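The structure appears below as structure tokens.
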Amino acid sequence: MTMQPLLEARGLQKLFPITKGIFRRRVVAEVRAVDGVDFDIMPRETLAVVGESGCGKSTMARLAMRLIEPSAGTLRFEGEDITHAEKGDMRRLRRDMQIVFQDPYASLNPRMTVAEIIAEPMVVHGVGDGPSQRERVKELLRRVDLAPYHGQRYPHEFSGGQRQRIGVARALALSPKLIVCDEPVSALDVSIQAQIVNLLQDLQQEMGLSYLFISHGLAVVKHVADRVAVMYLGQIVEIGPKAAIYGNPRHPYTQALLAAAPQPDPSRRGQRHELAGDVPSPMNPPPGCRFHTRCPFVQERCRAEMPMLREMAGGQQAACHFAETIPVYAPALTMRAPSAKLKARLALYKERHVAAKSDAAATA
Amino acid sequence: AQQQQPGQLTVLRTIDADNYDPIRSTATAAAEIVYLLADTLVSVDFDMQTVQPLLAESWEVSDDGLTYTFKLRQDVKFCSGRAMTAEDVVFSFERWLSPESSSPTKFRAGNVAEIRAINDHTVEYRLNEPYSDLLFQLALSFASVVDRESVEELGENFGVQGFGGTGPYCWNSWTPRQEVVLDKNPHYTWGPPIYENGTPQVERMVWRVIPEANTMMAAVQTGQADMTYYMAPFAIESLRAIPTLTVQQQDNYLYDNFVGFKTDKPVMNDPAMRRAINQAVNRDALAQAAFFGLGTALHSLLNPKVIDYDPATAELTPAYDPDAAIATLEEAGWELGSDGVRVKDGQRAEFLLYGIRNTQNPVMMEGMQADLRRIGVEMEIQLWDGTAAWGRLATQEFDAFVLSYPYVTATEALSLYFRSTQMPTPNRMNWNNEETDRLIDEARQATDDETRKAAIGAAQRQLVEADVWMPIVSQPMILVSGQRVEGARPHGIYGAGIYKGLDISLTD
Amino acid sequence: MTVPVLEIAGLTTIFRTSMGDVRAVDGVDLAVERGRTLCIVGESGCGKSILSLSVMGLVPTPGRIAQGEIFFEGRNIAGLSPADMRTIRGNQIAMIFQEPMTSLNPVHTVGFQIVEAIRAHQRVSSKAARALALESLKKVRIPSPERRLDEYPHQLSGGMRQRVMIAMALSCEPTLLIADEPTTALDVTIQAQILNLLRDLQAETGMAIVLITHDLGVVAEIADDVAVMYAGKVVERGSVGDIFDDPQHPYTLGLMGSMPRIDEETDRLVAIDGMVPPPFRLPQGCRFNPRCPFADDVCRSEQPQLTALDEGHLVACHKAPLELYA
Amino acid sequence: MLRHTIQRLLIAIPVLFGVLLVGFLLMQVVPTDPAIVRAGPTATQDIVEQIRRQLGLDQPLWYQFGLYVWRLAQGDLGVSLINNVPVTRELAATIGPTVELMFASLFWSIPLGILLGTVGAYYRGTILDRAIMAVSVAGVSIPVFFLGLVLIWLFGFHWQLLPFTGRGGPLWSWEGIRAIILPAITLGGVFVGPVARMTRTSVLDVLGADHVRTARAKGLSERVVVLRHALRNAMVPVVTLIGLQIGFLLGGAVVTETVFSWPGIGRLAVGAILSSDMPMAQGTIIILSLGFILINLTVDVLYALLDPRVRST
Amino acid sequence: MSDVTTTTGAVPAAAPIMVEDTFVRASVWRVLTSDVGAVIALVIVGLLVFAAAFAPWIAPSDPYSSDLVNMLKAPGEVGLLGTDAQGRDMITRLLFGLRTTLLMSLASVVLGCGIGAVVGFAAAYYPRLSGLLMRLMDVLLSFPAILFGLAIAAIFGPGLIAVVIALSVATIPLMARVVRGAALVVMHQEYVEGARSIGMSDRRLILKYLLPNCLSQIFVFVSLRFGQVILLGSALSFIGLGAQPPTAELGTMASDGRAYLFFAPHVSALPSLLIFIVVLALNVLGDALRDALDPKLRK
Ligand SMILES: Nc1ncnc2c1ncn2[C@@H]1O[C@H](COP(=O)(O)OP(=O)(O)OP(=O)(O)O)[C@@H](O)[C@H]1O
Ligand SMILES: Nc1ncnc2c1ncn2[C@@H]1O[C@H](COP(=O)(O)OP(=O)(O)OP(=O)(O)O)[C@@H](O)[C@H]1O
Ligand SMILES: [Mg+2]
Ligand SMILES: [Mg+2]
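Following this line, the structure appears as structure tokens:
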């Protein structure tokens with residue numbers, strides 16, 4: 139495979155200094171928000187990142203967008219080193235990368251109309267003239283299942299799901315190659331969540347987008363991702379194809395995460411084995427393997443030596459000294475399939491749903 | 005209401021002095037206290053004309069007017085109990101005159117040749133040239149006799165942290181801007197003959213500063229204080245109606261308000277303009293507005309009650325006549341502009357006036373401003389706080405100024421303000437006129453009353469004709485005293501309302 | 070049959086606003102028995118929290134209970150005086166909230182807040198109360214509980230705070246615990262810890278739990294009975310098995326379909342179209358009808374009643390069971 | 671906690687230095703010549719010149735400032751240009767009465783403001799709330815001197831109940847207390863409003879907070895909920911406001927001190943600046959700014975007391 | 011803790027109003043107009059501004075023509091509201107005084123808030139500048155406004171200019187804090203990051219994102235500050251720094267007229283009353299605005 143990655147990160151690191159003093163110049167500590175991560179995103183691919191709160195997912199998203207300067211490491215976009223790209227070059231690159239945020243309530247400027255918001259990237263980059271921009275806004279609104287007249291309204295007049303659509307429309311305005319989605323569905327209700335996930339998937343198929351999809355919902359990630367990276371305390375502990383990560387996780391943290399995820403299956407109740415303790419502070423992460431304070435398989439070596447990502451048999455890479463030897467985790471095996479009644483009814487629902495939709499389209 | 009402490013007299017005033025060293029302060033607020041703390045060789049009677057003995061029992065003046073010999077009383081003691089001698093008098097004068105003290109009032113002592121003690125109780129005061137005002141000047145607080153020991157002990161802090169003098173009261177304490185506390189001088193028996201009593205009657209005097217007019221009025225009315233002569237004029241009438249209060253006016257008070265013109269600045273250098281202003285301003289109205297009928301409008305350069313006042317100046321001073329003022333201006337070529345302000349040779353008839361912000365000046369100046377607007381002259385007013393004003397008034401930034409001053413003789417007044425040697429201050433008019441200088445010097449050096457009167461009279465007439473000033477009003481001195489107070493009588497030399505205050509006693 | 074710990078009948082809670090009356094909870098019937106867990110699911114704004122606050126007698130100001138009865142151990146507590154309610158609240162009925170970050174008072178120590186809860190209902194010395202507080206902290210398995218007593222909430226992690234909340238709620242050994250989305254704000258690993266803890270505590274004390282959530286995963290994990298709410302109404306009620314294996318209401322079905330599952334691969338999620346109607350512009354007829362693919366004219370005009378299909382499985386749908394109308 | 675305090679103190683140092691410099695420069699650009707001030711009204715030019723040399727006013731600016739700071743470091747604030755009294759002595763004499771007045775004003779106005787604000791917030795939207803807010807808003811809308819004079823007229827003059835001409839004695843004496851009542855009401859009167867309003871907003875905020883709901887859910891009585899859980903948490907912004915408003919209070923203090931002839935530092939400062947008495951003016955500026963900084967330092971420490979989250983940073 | 015904890019407080023001066031996207035122009039107006047007090051205040055402010063703006067045409071006489079014969083006449087005796095110490099008609103003086111006072115406070119508020127806003131935005135937007143700028147603001151803040159006024163007056167001479175400068179300077183640090191606090195909240199909103207991510211220039215970001223979203227807080231602060239400035243101005247007048255004669259200005263009129271408080275109370279009381287009304291109306295308006303803008307307080 140010699141395909142060139144769209145985005146390539148090597149040893150990416152971000153330290154947030156904690157400053158003190160009269161003019162806040164003295165650095166007293168550092169938050170190691172992202173601490174040396176490597177990943178690639180291929181064209182048309184979705185790389186999902188999962189991890190607990192505070193593990194550095196959003197920081198990684200911001201780094202990938204070059205919204206913040208990395209403390210170390212390199213970042214390449216289509217082979218071009220953009221780690222220290224100048225303002226002008228960056229501006230050009232911005233057309234190819236866009237971001238969708240978690241909070242639909244905070245991610246749209248409340249003082250601009252929806253049309254203005256969606257047109258803004260085009261205005262900033264001088265793409266097209268007024269009429270053509272207006273045309274494009276309408277097209278984009280339609281694309282995210284909103285009506286053109288919605289463009290005249292302000293964000294507060296929309297529900298969370300609709301706002302998230304507006305955010306997606308804005309991200310699409312310049313026809314980017316990569317969209318970074320920082321927990322795009324976490325704040326939404328389940329029913330709305332599904333709408334957005336479907337929309338994102340449709341768009342990817344139509345426009346050949348790549349996603350860096352950040353989430354803490356393992357189920358959602360499984361649904362959308364091609365490859366999955368699992369983060370813990372600023373580091374990627376395991377990364378690889380979805381099937382390998384979910385089917386044969388090699389890092390104890392990945393395993394624990396999967397085990398802890400609640401399943402809509404009452405029969406599995408009580409089988410979850412829980413991970414003890416809390417995530418340590420990223421200000422002074424534990425030495426050696428960062429997971430060793432909570433790891434059920436911890437050994438002496440883990441406390442002293444930091445494991446590196448290693449190639450595994452399943453095609454993924456895991457950062458655990460004992461990745462090969464720890465017990466196999468096989469949740470899918472113990473999982474009961476949905477009941478026949480449920481399956482049948484869901485199929486019925488789907489059918490009706492599609493029919494109702496085409497009805498509506500026909501009458502419109 | 006408030007019970008006063010027995011034997012303690014509380015006097016209210018609106019301002020405090022910068023210090024109470026006789027030779028360092030020119031403030032009237034200092035003089036009124038220094039008069040109580042220390043004595044001068046001679047005193048001035050309530051008529052403001054007669055010089056009376058005080059520390060000096062008697063004095064002789066040589067025929068050439070150059071040598072004054074003072075015979076001192078023998079019973080005088082400082083607060084410390086030490087007897088006062090001629091040496092102390094000489095020391096006090098020398099301190100006043102020494103260049104190190106750089107006293108702002110030094111000039112008042114005349115052109116001194118030598119002052120020496122002939123014996124313990126005789127002082128000889130020799131001048132280089134005659135000085136007809138000398139005795140009056142020596143009655144001012146600046147010429148007070150102070151205790152050498154106290155001066156040496158306190159140094160810079162003399163009159164700040166303590167005071168040694170022979171006055172009817174002794175220094176107790178001073179809290180700046182707040183109060184001065186004075187205690188009766190137990191030795192004091194040598195009061196001037198203008199009083200019935202030679203000794204102080206009150207155990208303790210507290211001079212308290214109350215800057216707010218209303219507060220002061222309420223305080224006097226409610227008996228929280230005993231007396232004041234700083235009462236705002238508007239309050240006097242209603243206070244008169246209160247039976248428990250005694251309101252007395254000193255008719256011989258010499259404290260005049262005037263507006264001076266910088267005679268070398270554009271607009272102001274036109275005598276016609278100055279004359280027109282003198283004609284246009286209704287002084288009676290200003291006096292009425294500012295002093296509620298208590299002040300006397302001045303229709304002459306100096307107060308008619310002052311020694312050597314020249315009655316002819318009253319005739320020469322223009323009367324209030326706006327039409328005449330307009331005529332004067334028209335004649336001089338000041339044409340009415342489209343905006344109502346006159347113009348001559350491209351010069352607008354406008355000028356800037358500086359003054360101190362007190363209760364009367366805003367009223368008077370706004371009145372004057374309105375009067376001038378009617379004849380097409382624009383006066384801009386800028387009033388400054390008392391202390392900052394002096395600095396401002398020393399500059400050349402302004403065209404006219406309003407001030408008031410206390411004085412004792414005509415010669416004193418004119419030589420203070422109009423001699424060319426007094427430029428730029430206090431001769432802020434920049435009045436540089438040889439004739440004036442000559443006349444004033446002649447009056448100063450006159451050895452007989454006639455010559456002096458003639459010379460200073462001529463000077464007064466000359467100045468009136470040139471309209472260097474616009475006299476406004478002679479301020480009233482009104483002493484308000486409460487129920488407990490007896491024997492109070494307003495005096496008013498250099499603004500000191502109760503002077504030695506010897507006859508004042510408390511009923512309780 | 071034993072008397073349910075809590076039985077709600079026809080509970081209606083109304084908010085009077087400038088836009089009109091909002092029936093946040095509209096004629097809800099529920100019951101939960103000793104030692105059992107009732108989960109209430111539903112999307113944001115469907116009235117779950119208001120329902121629980123109604124039980125607590127803590128409906129925020131413009132709101133009030135307009136109708137219905139709340140029987141707690143057989144006694145109607147809906148019309149109780151504030152003082153009487155206080156003796157029950159925190160004592161026999163305890164509640165924990167969604168946001169462990171903000172639900173504890175940041176300016177008081179953890180110990181103080183637990184002690185306060187104890188002493189509000191028990192006449193014990195502060196020393197004894199402190200011992201009890203320590204006891205309850207131990208019960209919720211907080212590491213080094215002695216130290217925690219004197220710590221402030223901000224010094225604890227989210228999971229620990231939620232444990233403190235639980236400890237506080239359990240300190241008076243309530244017969245009913247209401248938990249309003251106790252795990253939503255927590256990470257998955259912590260969420261599992263808390264759910265396990267609740268289950269263990271219930272086994273120990275036999276208290277009844279009403280747990281509110283919108284995560285069907287959580288429901289599957291802990292519920293005995295489930296009530297699905299939509300727009301202020303209960304649309305389906307049943308045992309956890311009924312709901313997961315035999316969902317009858319189209320809304321419940323939609324929820325199931327919207328959830329991506331780890332165990333099954335689907336290309337496309339079954340989404341429910343549209344959105345929850347605003348509370349003051351509820352549709353005519355069945356409240357779900359604008360979003361329901363099965364809706365017909367009856368649904369658009371007539372409100373369905375909650376009716377029993379099986380023993381203990383109730384649904385409010387004109388079309389139940391769906392197969393018949395397909 | 672201690673570190674917190676020390677850190678705040680360190681931050682205050684450059685601020686104080688800035689105040690010093692600004693004050694010094696301001697006094698420099700004042701066109702009034704201090705030598706003339708010193709010389710007095712009728713002095714002649716050569717005397718003024720002589721005094722100028724004496725005062726070192728012919729030296730370059732930086733030198734004067736350096737000298738000033740050097741002396742200041744040794745606790746020497748110079749002597750008044752006008753009456754030659756050491757500035758420190760004057761400051762020492764006036765600071766007490768001002769602190770007394772401030773204390774007496776805050777002593778009643780802050781608790782009252784907090785009480786009114788809390789009551790208003792608790793009974794939000796009722797007539798009581800509206801009345802309280804009306805009074806508070808009215809309180810911040812009256813010119814201080816007007817209030818003072820009206821009080822004098824009523825209590826001092828008309829009913830003759832209370833003295834109003836200066837300090838009656840130390841605060842612990844009967845006379846002292848009587849004399850401070852009217853000035854304290856005047857000055858405190860303008861403070862009740864802001865405190866009440868801030869408290870109301872703040873308590874209202876907290877009353878809606880999750881932890882108050884928790885407190886209620888515990889079955890606590892309303893009194894405990896409001897006092898222990900709402901008010902305590904609401905105090906932080908109120909304390910901030912008080913710290914910031916001290917500056918305003920000082921403006922009021924100048925006026926109050928004048929109206930009631932109170933021997934405070936406000937009047938001293940005004941007099942000193944108006945008369946270009948530079949050392950004295952500088953001294954008062956330093957003391958007043960120091961007071962302001964100190965109060966805000968106290969506020970910071972109070973935060974730490976009120977809010978443990980601040981403590982640990 | 012971030013830089014917010016400075017010497018003078020951990021919380022921005024005014025209680026931070028959450029910038030909520032539920033802000034609705036129309037609804038703010040509706041909330042505002044549904045409050046009887048606010049409507050009355052609005053009407054009063056409108057009337058007063060109108061009266062001030064058209065003073066030269068409304069006033070029954072010349073504000074500067076003194077009539078020393080008819081001085082200190084009680085209301086009704088001469089003219090409807092009597093005359094002042096110069097015998098000038100009080101109505102005229104009040105109208106012109108209002109005009110000056112409003113202009114003076116407007117100038118100070120505009121100047122002070124303008125500069126303060128620039129400083130506040132700069133401090134929020136450029137964290138490197140923040141320490142220095144905020145320390146500078148601390149210096150200004152700890153410099154009592156009244157002393158500043160005095161010093162300025164000593165430089166430029168007492169008068170409106172000095173008052174305006176002093177009041178502006180006193181306003182700057184407060185405004186800077188309010189704006190910085192508000193801007194920091196906005197800065198942390200995701201939409202600002204979103205704007206950055208499309209490569210927007212700083213200028214456009216500040217003007218189109220920061221400024222509009224801080225406006226509501228600025229607005230509330232300004233309306234409340236306006237009243238404070240009028241009162242501070244009257245305190246400055248009291249110590250003799252106000253407008254110079256014959257300019258009519260309410261604070262100066264009230265403080266000059268206080269000399270006659272016991273005899274002709276109207277000379278001081280009427281301007282005081284007018285100040286009271288103006289400030290009261292502005293405060294009520296500011297409070298109502300705060301309530302209207304604060305989603306938490308909105309019903
Ligand atoms: N600007 C910043 N300054 C200091 N620390 C920061 C900053 N931004 C993030 N951090 C810290 O870096 C760490 C990682 O933060 P990040 O927001 O990337 O986590 P996350 O995985 O996105 O968490 P969440 O799931 O809660 O969104 C956290 O500990 C956070 O406190
Ligand atoms: N103070 C209030 N005034 C008016 N309506 C209110 C108020 N509080 C709640 N409501 C209404 O009550 C309804 C139910 O709210 P509730 O908080 O119970 O929802 P929820 O199911 O708990 O949602 P979430 O999952 O978001 O917590 C909402 O639609 C809301 O509009
Ligand atoms: Mg994040
Ligand atoms: Mg809820």
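Chains as they are written, first to last, in this note's numbering: chain C, 139 to 502; chain A, 5 to 512; chain L, 70 to 395; chain D, 671 to 983; chain R, 11 to 309.
Cβ atoms here follow ideal geometry from the backbone N, Cα and C, with glycine treated the same way.
Since we're looking at a predicted model, the values are computed, not measured.
Consider the C-beta atom of residue 108/L and the heavy atoms of ligand 1; say whether any pair is separated by less than 8 angstroms.
Within the third sequence, numbered from 1, the residue matching residue 108/L stands at position 39. The answer is no for residue 108/L.
Which residues of chain L have a Cβ atom closer than 7 angstroms to the Cβ of residue 843/D, listed in chain order?
Translated into positions along the fourth sequence, residue 843/D becomes position 173. Neighbours of residue 843/D on chain L: none; closest Cβ ~39 angstroms, over 7 angstroms.
Applying the 10 Å Cβ sphere with the 16-neighbour rule, what's the burial state of residue 141/C?
Residue mapping note: residue 141/C aligns to position 3 of the first sequence, counting from 1. Its Cβ having fewer than 16 others within 10 Å, residue 141/C is exposed.
Is residue 416/C near ligand 1 - that is, is its Cβ less than 8 angstroms away from at least one heavy atom of it?
Taking the first sequence and counting its residues from 1, the one referred to as residue 416/C is at position 278. Residue 416/C Cβ: outside cutoff for every heavy atom of ligand 1.
Taking the alpha-carbon positions, what's the residue 133/R to residue 213/R distance?
Position 123 of the fifth sequence, counting from 1, holds the residue named residue 133/R. Position 203 of the fifth sequence, counting from 1, holds the residue named residue 213/R. So the two alpha carbons sit approximately 14 angstroms from each other.
Give a yes or no on whether 9 angstroms exceeds the smallest Cβ distance from residue 177/L to chain C.
As a first step, residue 177/L must be located in the third sequence, where it is residue number 108. No - not a single Cβ of chain C is within 9 angstroms of the one on residue 177/L.
Cα separation between residue 485/A and residue 838/D?
Working through the second sequence from its first residue, we reach residue 485/A at position 481. Working through the fourth sequence from its first residue, we reach residue 838/D at position 168. In a straight line, the C-alpha of residue 485/A is about 22 angstroms away from that of residue 838/D.
Could you check whether the Cβ of residue 327/L sits closer than 9 angstroms to any Cβ belonging to chain C?
Within the third sequence, the letter at position 258 stands for residue 327/L. Yes - at least one Cβ of chain C is within 9 angstroms of the one on residue 327/L.
In angstroms, rounded to a whole number, what distance separates the CA positions of residue 150/R and residue 853/D?
Sequence index remark: in the fifth sequence, residue 150/R carries index 140 (1-based). Sequence index remark: in the fourth sequence, residue 853/D carries index 183 (1-based). Approximately 28 angstroms, taken between the alpha carbons.
Run through chain A and tell me which residues come within less than 8 angstroms of residue 754/D, C-beta to C-beta.
On the fourth sequence, residue 754/D is found 84 positions in, with the first residue counted as 1. Within 8 angstroms Cβ-Cβ: 23, 160, 161, 164.
Taking 8 angstroms as the cut-off, is the CB of residue 259/L close to at least one heavy atom of ligand 2?
One-based indexing of the third sequence puts residue 259/L at position 190. Answer for residue 259/L: no, Cβ out of range of ligand 2.
Could I get the ranges of all uninterrupted beta strand (DSSP E) runs contained in the stretch 410-485 of chain A, with 3 residues as the minimum, in chain order?
Correct list: 473-478, 481-485.
Cβ atoms of residue 262/R and residue 311/R: under 9 angstroms apart, would you say?
Because residue 311/R is not part of the residues shown, which for chain R are 11 to 309, the question remains open.
Mind checking who residue 174/A pairs with in its DSSP beta bridge?
Position 170 of the second sequence holds residue 174/A. Its beta-bridge partners are 187/A.
Do residue 426/C and residue 442/C have their CB atoms nearer than 9 angstroms?
Start at 1 with the first residue of the first sequence, and residue 426/C comes out as number 288. Start at 1 with the first residue of the first sequence, and residue 442/C comes out as number 304. In this structure, residue 442/C lies closer than 9 angstroms to residue 426/C by Cβ.
Mind pulling the chain C residues with CB within less than 7 angstroms of residue 219/R?
In the fifth sequence, the residue the question calls residue 219/R occupies position 209. Neighbours of residue 219/R on chain C, chain order: 247.
Which value, in whole angstroms, describes the spacing of the CA atoms of residue 226/R and residue 249/C?
Working through the fifth sequence from its first residue, we reach residue 226/R at position 216. Working through the first sequence from its first residue, we reach residue 249/C at position 111. Cα-Cα distance, rounded: 11 angstroms.
Flag this pair as touching only if the stretch 143-158 of chain R and the stretch 112-125 of chain R have three or more C-beta atom pairs under 8 angstroms; answer yes or no.
No, because fewer than three Cβ pairs between the stretch 143-158 of chain R and the stretch 112-125 of chain R fall closer than 8 angstroms, the two stretches do not touch.
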